[in-house]
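For the sequence shown, counting from 1, position 217 maps to 612 in the working numbering; every step adds exactly one.
Just so it is clear, CB atoms sit at the ideal spot from N, CA and C, and this is done for glycine as well.
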Amino acid sequence: MAHAQPSLPPEAQKAMRSIDSEKIRATVKYLSDDALEGRGTGQRGGDLAADWIAAQFKKYGVLPAGDNGTYFQKVGFYGVTTDPQQTRLTFVTKSGVETKLKFAEEYVATDQTHAQKSEIDAPIVYVGYGINAPEYKWDDYKGLDVKGKALLVLVNEPPSDDPNFFKGRALTYYGRWTYKYEEAARRGAVAVILVHKTEMASYPWEVVRNSWGGETSMLQEDTDPKLNSAGWIQLEVARKLAQSAGMDLDQMLKDANSRSFKPVELNVRLKETIVTKVRSFASRNVVARVPGSDPKLKNQAVMYTAHYDHLGIHRDEPGDNIYNGAADNATGCGILLELARAYANAEKKPARSVLFAAVTAEEQGLLGSKYLGQHPPVPASDISLDLNYDDVQPIGDPEQVVVTGAERTTLGPAVERLAHSFNMTIQGDDHPEAGHYYRSDHFSLARVGVPAFSVNQGALFKGHDLAWGEEKESDYVAHRYHQPSDEYRPDMDFTGNAKMAKFGFALGWQVASQAELAGWQPGDEFEKARKASQHGF
Ligand SMILES: [Zn+2]
């Protein structure tokens, strides 16, 4: 049981205490039932889930914050599938020697412009890591105009143990493959070829191939520039490409680690025909609000997010093919709804408004939250904080909380004090090199400048040692994560879900009541976006 929160008024404490683990159970049980068909984006089950969540908001007296006075933000998507038969990728040397690549085996590519056919004939420029990071005085482009060109790019970032240089061992967003595509597209490149090297990407080629082999979803309304071909090649293919250009790949990899690296145009062109099957579909974010009590500050907000989508039904698979997503992420929805109920019932409201968003298409690449970040119900500049919940294991009473990213905001000390008052310690990130911060919905808000992080449990639970919690975690990852077996069971214990909700409630209330908006630590990679949103540059 949580201690009294000294910084919360009695009305807030009362509301916080009303958060009920059994109501979270009821939500998880309902949303992960086979009747909801795994809540697939663009599938019937996903739509049923959205309708049900909106009905809960309404029942709790939480106001709509979506399109035209509804609880819904309509989000349009394109589902694109590269046609492996008609798509061709060839490297052509100056002397006309052609190397044709085999789709899936040697390369994969997606047309981000969702055109049905794109033809590319462009010089290939090697740009090392493809990073422009002024805060680390690092620029791989060195002012080169890459408009209309194809870029050969490495994943990850320059290796370092110095915490002040690309955060040392930790992966920054500059190391993520999504950044490489985005930066290249911003500069007008038409194609990017990422070089896959297992130890650099932290996942094998099969993972790349499988995630590009099928349909990729993208937002119809996306303000970011796009590439005609966003691709990957195997390391051995890159080696051959370098050879055909009269260069040595190992030397090229080495060169990229230097600040004085300069982009190199290869003596090889990319010729590519990329043919895509495109379908259009829609889904919805469910958005609600509790208005603040201060006549001025109520125009600002604190936000809570949790994705409601999961993987849906895979009809072509034998046996149980419903991906129920009980832990991932009916638990987060259960927490979100309890937060909404507690705020709506509070006898007094915080100064700022409180927003609740159950977002779609997280499993498609954080797309529902990306749309929310680009179309927030309150301008991003006026959102003080986003707290996200994703996959909170219902296994007991946690004594550790994970709030990775909080230390990057101005809320670090407040979060620490709060954890202490809940008798919890903060568990740090054991694998900062994996870049988990960039793989959950809070990141979609961070990239438009909103201080944001996820709240989850650490591995230490009451009555158990750390090894017990770690074993539970690896058992989940091995046997249920993203599998049809992520199902509701009556022996699930939602104590920790309720505790995480109360923790987020107390933190959100404080931030919604304090004089200043939260921000990023000076020099943080998201500080730029925050300033741009607040000052319009
Ligand atoms: Zn999830």
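| Check | Outcome |
| --- | --- |
| Does the separation of the CB atoms of Ala-701 and Cys-728 fall below 8 Å? | yes |
| Report back the beta-carbon spacing between Ala-517 and Lys-544 to the nearest angstrom; my notes put them in contact at under 8 Å. | 5 Å |
| According to DSSP, is Asp-781 part of a helix, a strand, or is it coil? | strand |
| Measure the alpha-carbon distance for Ala-580 versus Ala-586 and round it to whole angstroms. | 8 Å |
| Specify the secondary structure class of Val-872 as computed by DSSP and reduced to three states. | helix |
| Kindly indicate which residue of Gly-437, Tyr-784, Gly-433 and Ser-880 has the alpha-carbon position closest to the one of Phe-676. | Gly-437 |
| Please report the straight-line C-alpha distance between Lys-453 and Lys-765, rounded to a whole angstrom. | 25 Å |
| In terms of alpha-carbon separation, which member of Arg-834, Gln-795, His-877 and Phe-898 lies closest to Gly-858? | Gln-795 |
| What do you reckon, is the C-beta of Asp-781 under 7 Å from a heavy atom of ligand 1? | no |
| When you compare the segment 659-674 with the segment 710-728, are there three or more beta-carbon pairs, one atom per stretch, that lie closer than 8 Å? | no |
| Less than 8 Å between the C-beta atoms of Trp-915 and Thr-804, yes or no? | yes |
| Where does Gly-435 sit, in a helix, a strand or coil, going by DSSP? | strand |
| State buried or exposed for Thr-422, treating a residue as buried only when at least 16 other CB atoms are found within 10 Å of its CB. | buried |
| Which of the three DSSP states, helix, strand or coil, is assigned to Pro-553? | coil |
| Nearest to Asp-786 by CA position, among Asp-689, Lys-743, Lys-542 and Ser-835, is which residue? | Ser-835 |
| Since Arg-884 is in the beta strand (DSSP E), which residue starts that stretch and which ends it? | Here Arg-884 belongs to no beta strand (DSSP E), and DSSP marks it neither H nor E. |
| Using 7 Å as the cut-off, classify the Cβ of Glu-757 as near or not near the heavy atoms of ligand 1, replying yes or no. | yes |
| Can you tell me which of the three DSSP states Ala-397 falls into? | Interpretation of Ala-397 is limited by its pLDDT of 48, a score under 50 that renders its predicted location unreliable; the figure taken from the coordinates is listed afterwards. Ala-397: coil per DSSP, three-state reduction. |
| Helix, strand or coil for Phe-900? Go by DSSP, reduced to three states. | helix |
| Is Leu-912 helix, strand or coil when you go by DSSP? | coil |
| Ala-397 to Leu-648, Cα distance in whole Å? | Legend: pLDDT at Ala-397 = 48, less than 50; position of this residue unreliable, no value from coordinates given. |
| Could you tell me which of Pro-690, Leu-692 and Val-697 sits nearest to Arg-684, measuring between CA atoms? | Val-697 |
| What is the chain-ordered set of residues for which the beta carbon lies under 5 Å from any non-hydrogen atom of ligand 1? | Asp-723, Asn-724, Asp-785 and Asp-786 |
| Count the other C-beta atoms from every protein chain shown that fall within 10 angstroms of the C-beta of Asn-623, then say buried if there are 16 or more, exposed otherwise. | buried |
| For chain B, is any of its Cβ atoms less than 8 Å away from the one on Thr-820? | No chain B is present in this structure, which holds just one protein chain. |
| To the nearest angstrom, how far is it from the Cα of Phe-932 to the Cα of Lys-926? | Bear in mind that a pLDDT of 49 at Phe-932, under 50, signals an unreliable position, so the number given afterwards is only what the model happens to contain. Going by the C-alpha atoms only, they are around 8 Å apart. |
| Between the segment 481-501 and the segment 645-660, do three or more beta carbon pairs fall short of 8 Å? | no |
| May I have the straight-line CA-CA distance separating Pro-774 from Tyr-832, to the nearest angstrom? | 23 Å |
| Under 6 Å Cβ to Cβ from Pro-808, same chain only, skipping five residues before and after it: list those, please. | none |
| When we look at the beta-carbon of Ser-869 and count the other beta-carbons within 10 Å, is it buried (16 or more) or exposed? | exposed |
| Buried or exposed, going by whether 16 or more other CB atoms sit within 10 Å of the CB of Asp-919? | buried |
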